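A.B. asks: Take a look at the following structure, please.
Number of protein chains: 2
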Amino acid sequence: MKLIGFDTKYAKGFLKEHAAEEIKARVLAAKDTLLSGSGKGSDFLGWVDLPEKYDKEEFARIKKAAAKINQDSEVLIVIGIGGSYLGARAAVSFLESYDRKRATEIIFMGNNISALYVNTVLDQIRDKSLSVNVISKSGTTTEPAIAFRIIKKLMEERYGKEGAASRIYVTTDKARGALKKMAEQEGYECFVVPDDIGGRYSVLSAVGLLPIAASGADIDALMLGAASERAYLLETPYEDNPALQYAAYRNLFYENGKKVEILADFEPFMHYVCEWWKQLFAESEGKDGKGLFTASLDFTTDLHSVGQLVQDGERNLIETVMEVDDTGAAIQVESDADNYDQLNYLAGMDLNYINKKAQEGTRQAHVDGGVPNLVVNIPKRDEFSLGALFYFFEFACGVDGYTLGINPFDQPGVEAYKKNMFHLLGKEGY
Amino acid sequence: MKLIGFDTKYAKGFLKEHAAEEIKARVLAAKDTLLSGSGKGSDFLGWVDLPEKYDKEEFARIKKAAAKINQDSEVLIVIGIGGSYLGARAAVSFLESYDRKRATEIIFMGNNISALYVNTVLDQIRDKSLSVNVISKSGTTTEPAIAFRIIKKLMEERYGKEGAASRIYVTTDKARGALKKMAEQEGYECFVVPDDIGGRYSVLSAVGLLPIAASGADIDALMLGAASERAYLLETPYEDNPALQYAAYRNLFYENGKKVEILADFEPFMHYVCEWWKQLFAESEGKDGKGLFTASLDFTTDLHSVGQLVQDGERNLIETVMEVDDTGAAIQVESDADNYDQLNYLAGMDLNYINKKAQEGTRQAHVDGGVPNLVVNIPKRDEFSLGALFYFFEFACGVDGYTLGINPFDQPGVEAYKKNMFHLLGKEGY
Numbered sequence: 001m002k003l004i005g006f007d008t009k010y011a012k013g014f015l016k017e018h019a020a021e022e023i024k025a026r027v028l029a030a031k032d033t034l035l036s037g038s039g040k041g042s043d044f045l046g047w048v049d050l051p052e053k054y055d056k057e058e059f060a061r062i063k064k065a066a067a068k069i070n071q072d073s074e075v076l077i078v079i080g081i082g083g084s085y086l087g088a089r090a091a092v093s094f095l096e097s098y099d100r101k102r103a104t105e106i107i108f109m110g111n112n113i114s115a116l117y118v119n120t121v122l123d124q125i126r127d128k129s130l131s132v133n134v135i136s137k138s139g140t141t142t143e144p145a146i147a148f149r150i151i152k153k154l155m156e157e158r159y160g161k162e163g164a165a166s167r168i169y170v171t172t173d174k175a176r177g178a179l180k181k182m183a184e185q186e187g188y189e190c191f192v193v194p195d196d197i198g199g200r201y202s203v204l205s206a207v208g209l210l211p212i213a214a215s216g217a218d219i220d221a222l223m224l225g226a227a228s229e230r231a232y233l234l235e236t237p238y239e240d241n242p243a244l245q246y247a248a249y250r251n252l253f254y255e256n257g258k259k260v261e262i263l264a265d266f267e268p269f270m271h272y273v274c275e276w277w278k279q280l281f282a283e284s285e286g287k288d289g290k291g292l293f294t295a296s297l298d299f300t301t302d303l304h305s306v307g308q309l310v311q312d313g314e315r316n317l318i319e320t321v322m323e324v325d326d327t328g329a330a331i332q333v334e335s336d337a338d339n340y341d342q343l344n345y346l347a348g349m350d351l352n353y354i355n356k357k358a359q360e361g362t363r364q365a366h367v368d369g370g371v372p373n374l375v376v377n378i379p380k381r382d383e384f385s386l387g388a389l390f391y392f393f394e395f396a397c398g399v400d401g402y403t404l405g406i407n408p409f410d411q412p413g414v415e416a417y418k419k420n421m422f423h424l425l426g427k428e429g430y
Numbered sequence: 431m432k433l434i435g436f437d438t439k440y441a442k443g444f445l446k447e448h449a450a451e452e453i454k455a456r457v458l459a460a461k462d463t464l465l466s467g468s469g470k471g472s473d474f475l476g477w478v479d480l481p482e483k484y485d486k487e488e489f490a491r492i493k494k495a496a497a498k499i500n501q502d503s504e505v506l507i508v509i510g511i512g513g514s515y516l517g518a519r520a521a522v523s524f525l526e527s528y529d530r531k532r533a534t535e536i537i538f539m540g541n542n543i544s545a546l547y548v549n550t551v552l553d554q555i556r557d558k559s560l561s562v563n564v565i566s567k568s569g570t571t572t573e574p575a576i577a578f579r580i581i582k583k584l585m586e587e588r589y590g591k592e593g594a595a596s597r598i599y600v601t602t603d604k605a606r607g608a609l610k611k612m613a614e615q616e617g618y619e620c621f622v623v624p625d626d627i628g629g630r631y632s633v634l635s636a637v638g639l640l641p642i643a644a645s646g647a648d649i650d651a652l653m654l655g656a657a658s659e660r661a662y663l664l665e666t667p668y669e670d671n672p673a674l675q676y677a678a679y680r681n682l683f684y685e686n687g688k689k690v691e692i693l694a695d696f697e698p699f700m701h702y703v704c705e706w707w708k709q710l711f712a713e714s715e716g717k718d719g720k721g722l723f724t725a726s727l728d729f730t731t732d733l734h735s736v737g738q739l740v741q742d743g744e745r746n747l748i749e750t751v752m753e754v755d756d757t758g759a760a761i762q763v764e765s766d767a768d769n770y771d772q773l774n775y776l777a778g779m780d781l782n783y784i785n786k787k788a789q790e791g792t793r794q795a796h797v798d799g800g801v802p803n804l805v806v807n808i809p810k811r812d813e814f815s816l817g818a819l820f821y822f823f824e825f826a827c828g829v830d831g832y833t834l835g836i837n838p839f840d841q842p843g844v845e846a847y848k849k850n851m852f853h854l855l856g857k858e859g860y
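Here the protein sequences line up with chains A and B, keeping their order. Heads up: the first sequence begins at 1 in my numbering, then just goes up one per residue. Heads up: the second sequence begins at 431 in my numbering, then just goes up one per residue.
Okay, here's the thing in structure tokens:
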């Protein structure tokens, strides 16, 4: 099975010759720091070996729970925010399609404080059979806690306390915290947010796996893709190693004054993969006054929106473009006798082919315009490729962060708004 | 009725004293350039007086067409890209809610080249009664032209040539172009993309109005909001003028080395307003190597994603935060006897109140962290406020662009990718 491809040929011309060789020693040192667990944040390296060393007993329970959910629920409400949300959302959006609908519909909640959003969900689920997966390490994060308080009450009114308990699945700390305590008291089935994996690296733990499995996806193939990518990245020399090359070029461009990295896709189903990537890199590296600003664009739609700026605005951008070889969908442009729209030159071509040409044309335009392009190749819209993609970005991010000289595994700045909010809301102790 | 509010008090401390006074003459000169039509791009100033001087006969036809669509169609497919897409999408997303569903469901197409997306839409509309609004000045823009070729065939198969013609509405050039010609031949009802209004400024023309009206929204109130905001912005002195102040601060921060403007919201229904804003500002100002990079964030969800970077990454950011006073929705946190989640301190509070405190806490955190905050206040989630908001941003953008010294009404860079793509696809003449 093909793994993630990475191409630097549309980027290297923007750097001095041998730049990638000159940074090689630093990138390899960062890789060693990561793999030896000798760097900052080394308590959070559980994701490195996860595709091989995951808990097989829990994995089997996840599949069993997903099967039960598929059998008794039209909707699974997944309550979580940040790392307890974006991985599952990315996977579900990437994999679902008109001819392979979700086994159970997934509705995400608890990632905002919007009354309108909550009421909209309550309206949507009024007549649907329900299960819930609430995901929170502590159980007291405000957004998911509010949502779960509302949904728990609804579930108990609808199914009774015991019936609700059989439909509520908790993913939380293995031993401590408010949600763990509640689960024990109420008899909810529990899955584990591992102690040594931060939220943004947790998609291949129970955090991501239960919702992904419940959507009908093959999580064995997802893990196999991640494990295969891991094996490849661990053993491949620097010059041919996609993750090490990505880390090298990100750092090189940052050191050369670039300020913004755009992650671009050409397919709507990639949108939430970009959102997941934004958290991974922004939360890992946006600290100590450092880090590329992370933006994502969906092409070609955004070429008609911010395309002008990418083409001709400040030249402080780099662009990483994800291309998917096999999208699993096809539709041809047909010939038309009138040809008012002058599209007959496209007749007989598939949209995937035209889209590929749009990618090539865009790359050429942006490179000509002064924006270095890095290309990430995803062989197929399936679980194996997605698992490989998740691992590729995670591994690249860890190496990238150590090369940059920050701790890629903490997020001290995330507390600031919460503390202020708690104070304003009159929470005890703030 | 309240208009758009704007507050600079969380931003001015980041600039030297009297900075806003020092740039006043330049901003007022830019305003004069705009209103006198003496600047670059002055052929595209039709939007300035549009809220007063719109075509009343066409406006009545739009309402009539919308009423027919509501009567005979479960789905209106709106085909367009960029400025022929984002305004309507922003309005429809902003206004719809669980207790005020769209009169006709709106599905947007023709803003990508994704086979999967097209097939997904074809699957969704299989059993639905349909109308179509295709929006394109020329009628040959690739993305919408492909979508319309597919949908036109489907409509004719389903309704016959004549039946389809009565359900297809064209918004295009008043006299020329491929789509105008097709409409005349086929007998489609036509609405006008005005010659003197560029795509990104066109939401209050037929481009935006037909889909917005078909969704069930009150377009009279939308226009009244825009007209009221226009009157206010034209007559209010610099010091109290929201649009002039916004233009002043954007330019001041840009001249002080800021590189990225984040437009943030705290409600999911605002997401596409941000997307519309991104096109408006990025396409107007991202040229000649200039312009703030435009990004948008949906809080609080993105505080758990890129919040770390906003709080503590490179200090080259400014943040403009949109707050909505009356969202039209309410739900309280209830008390819970067990209080496992420790949320009882919020019992009796409405989510709108908690969300407001999250806004205040976030603002304080980001300002403390070195990110100047500008605040845009939207009185109500309704048509009047939205019309005012559209006009506020448009007017600010025109003044802002002239202050920056570029032509805010062209977009020469958007052609680059198209030319390359046409060449790669073998289009004649490329």
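Even for Gly, the Cβ is constructed at its ideal location relative to N, Cα and C. Being a predicted model, the structure only gives us computed values, none of them experimental.
1) What residue range is occupied by the uninterrupted beta strand (DSSP E) comprising residue 435 of chain B?
2) Going by C-alpha to C-alpha distance, which of B/448, B/451, B/481, B/476 sits closest to residue 814 of chain B?
3) Residue 415 of chain A: which of B/840, B/846, B/798 sits nearest, CA to CA?
4) Closer than 8 Å by C-beta to residue 829 of chain B: which residues in its own chain qualify, once you throw out the five before and the five after it? Chain order, please.
5) Does residue 489 of chain B have its Cβ less than 7 Å from a Cβ in chain A?
6) Helix, strand or coil for residue 112 of chain A, going by three-state DSSP, please let me know.
7) Report yes or no: do the stretch 124 to 140 of chain A and the stretch 73 to 80 of chain A share at least 3 C-beta pairs separated by less than 8 Å?
8) Could you check where the alpha helix (DSSP H) with residue 51 of chain A kicks off and where it finishes?
9) Please state whether the Cβ-Cβ distance between residue 770 of chain B and residue 9 of chain A is less than 7 Å.
10) So for residue 322 of chain A, helix, strand or coil by DSSP?
11) Any heavy atom of the ligand NAD closer than 6 Å to the beta-carbon of residue 132 of chain A?
12) Do you know how far the Cα of residue 666 of chain B is from the Cα of residue 359 of chain A?
13) With DSSP run on the structure shown, which of helix, strand or coil describes residue 211 of chain A?
14) Check the Cβ of residue 723 of chain B against every Cβ in chain A and list those closer than 8 Å, keeping chain order.
15) Between the stretch 44 to 58 of chain A and the stretch 168 to 188 of chain A, do three or more beta carbon pairs fall short of 8 Å?
16) To which residues of the same chain is residue 258 of chain A closer than 6 Å at the C-beta, ignoring the five residues directly before and after it?
17) Go through its chain and collect everything with a Cβ distance to residue 696 of chain B's Cβ below 6 Å, but skip five positions before and after it.
18) Does the beta carbon of residue 326 of chain A sit closer than 7 Å to a beta carbon anywhere in chain B?
19) Pull up the distance between the alpha-carbon of residue 626 of chain B and that of residue 823 of chain B, whole angstroms please.
20) Determine the DSSP secondary structure at residue 367 of chain A, reduced to helix, strand or coil.
21) Among the candidates A/23, A/239, A/269, whose CA atom is the shortest distance from the CA of residue 450 of chain A?
22) Closer than 8 Å between beta carbons: that is the criterion. Which residues of the stretch 767 to 788 of chain B meet it against chain A?
23) Does DSSP classify residue 204 of chain A as helix, strand or coil?
24) Whole beta strand (DSSP E) runs in the stretch 242 to 325 of chain A with 3 or more residues, listed along the chain?
25) Between B/860, B/588, B/681, B/742, which lies nearest to residue 827 of chain B when the distance is taken from Cα to Cα?
26) Span of the alpha helix (DSSP H) holding residue 21 of chain A?
27) What separation, rounded to the nearest whole angstrom, lies between the Cα atoms of residue 591 of chain B and residue 579 of chain B?
28) Within a Cβ cutoff of 6 Å, which residues of the same chain sit near residue 391 of chain A, ignoring the five residues on either side of it in sequence?
29) Please report whether the beta-carbon of residue 527 of chain B lies at a distance below 7 Å from any beta-carbon of chain A.
30) Going by Cα to Cα distance, which pick from B/807, B/809, B/436, B/477 is closest to residue 628 of chain B?
31) Quick check: the stretch 727 to 742 of chain B against the stretch 82 to 90 of chain A, are there 3 or more CB pairs under 8 Å?
32) Do residue 441 of chain B and residue 686 of chain B have their C-beta atoms within less than 7 Å of each other?
33) Measuring alpha carbon to alpha carbon, tell me which of A/14, A/192, A/1 ends up nearest residue 174 of chain A.
34) Between residue 410 of chain B and residue 751 of chain B, how many whole angstroms is the CB-CB distance? I'm expecting something under 8 Å.
35) For the stretch 691 to 705 of chain B, enumerate the residues whose C-beta is nearer than 8 Å to any C-beta of chain A, in chain order.
36) Let me see if you follow: with CB-CB separation under 7 Å, is residue 579 of chain B close to chain A or not?
C.D. replies: The short version:
1) 435 to 437 is the span of the beta strand (DSSP E), which, as asked, contains residue 435 of chain B.
2) For residue 814 of chain B, the closest C-alpha among the options B/448, B/451, B/481, B/476 is that of B/481.
3) That would be B/798, whose Cα lies nearest to the Cα of residue 415 of chain A.
4) Excluding sequence neighbours, residue 829 of chain B sits near 457, 460, 461, 464, 673, 674, 677.
5) For residue 489 of chain B, the answer is no, since every Cβ of chain A falls outside 7 Å of its Cβ.
6) In this structure, DSSP gives residue 112 of chain A a state outside helix and strand, which the three-state scheme calls coil.
7) The answer is yes - the stretch 73 to 80 of chain A touches the stretch 124 to 140 of chain A, with three or more Cβ pairs under 8 Å.
8) Here the alpha helix (DSSP H) through residue 51 of chain A covers 46 to 53.
9) Using a Cβ distance threshold of 7 Å, residue 770 of chain B and residue 9 of chain A do not count as a contacting pair.
10) Three-state result, residue 322 of chain A: strand.
11) Absence of the ligand NAD from the depicted structure is noted, as is the absence of any ligand whatsoever, leaving it without description.
12) Computed Cα separation, rounded: 47 Å.
13) Here residue 211 of chain A carries a helix assignment [DSSP, helix/strand/coil].
14) At a C-beta separation below 8 Å, residue 723 of chain B has these neighbours in chain A: 259, 260, 293, 295, 309, 313, 314, 316, 317.
15) Not touching, per the Cβ criterion.
16) Hits under 6 Å: 316, 318.
17) Within the same chain, 729, 785, 789 come within 6 Å of residue 696 of chain B by CB-CB distance, once the 5 residues on both sides are set aside.
18) For residue 326 of chain A, the answer is no, since every Cβ of chain B falls outside 7 Å of its Cβ.
19) CA-CA distance, residue 626 of chain B to residue 823 of chain B, rounds to 18 Å.
20) If DSSP states are grouped into helix, strand and coil, residue 367 of chain A belongs with the helices.
21) Residue coverage of chain A in this structure runs from 1 to 430, which leaves residue 450 of chain A outside it and unanswerable.
22) So the list reads 768, 770, 771, 772, 773, 775, 776, 779, 780, 781, 782, 784, 785, 787, 788, given in the order they occur along the chain.
23) Here residue 204 of chain A sits in coil by DSSP.
24) Here the runs fully enclosed are 260 to 265, 293 to 298.
25) Nearest C-alpha to residue 827 of chain B: B/681.
26) Residues 19 to 22.
27) Across the structure, residue 591 of chain B and residue 579 of chain B are spaced so that their CA atoms are roughly 14 Å apart.
28) The residues are 226, 229, 230.
29) Interface residue, yes.
30) For residue 628 of chain B, the nearest C-alpha among the options comes from B/477.
31) Verdict: yes, contact present.
32) Annotated as distal: residue 441 of chain B and residue 686 of chain B, with beta-carbon spacing of 7 Å or more.
33) A/192 is the residue among A/14, A/192, A/1 whose C-alpha sits nearest the C-alpha of residue 174 of chain A.
34) The question about residue 410 of chain B has no answer here: the residues shown for chain B are numbered 431 through 860.
35) Answer in chain order: 696, 697, 698, 699, 705.
36) By this cut-off, residue 579 of chain B is an interface position.
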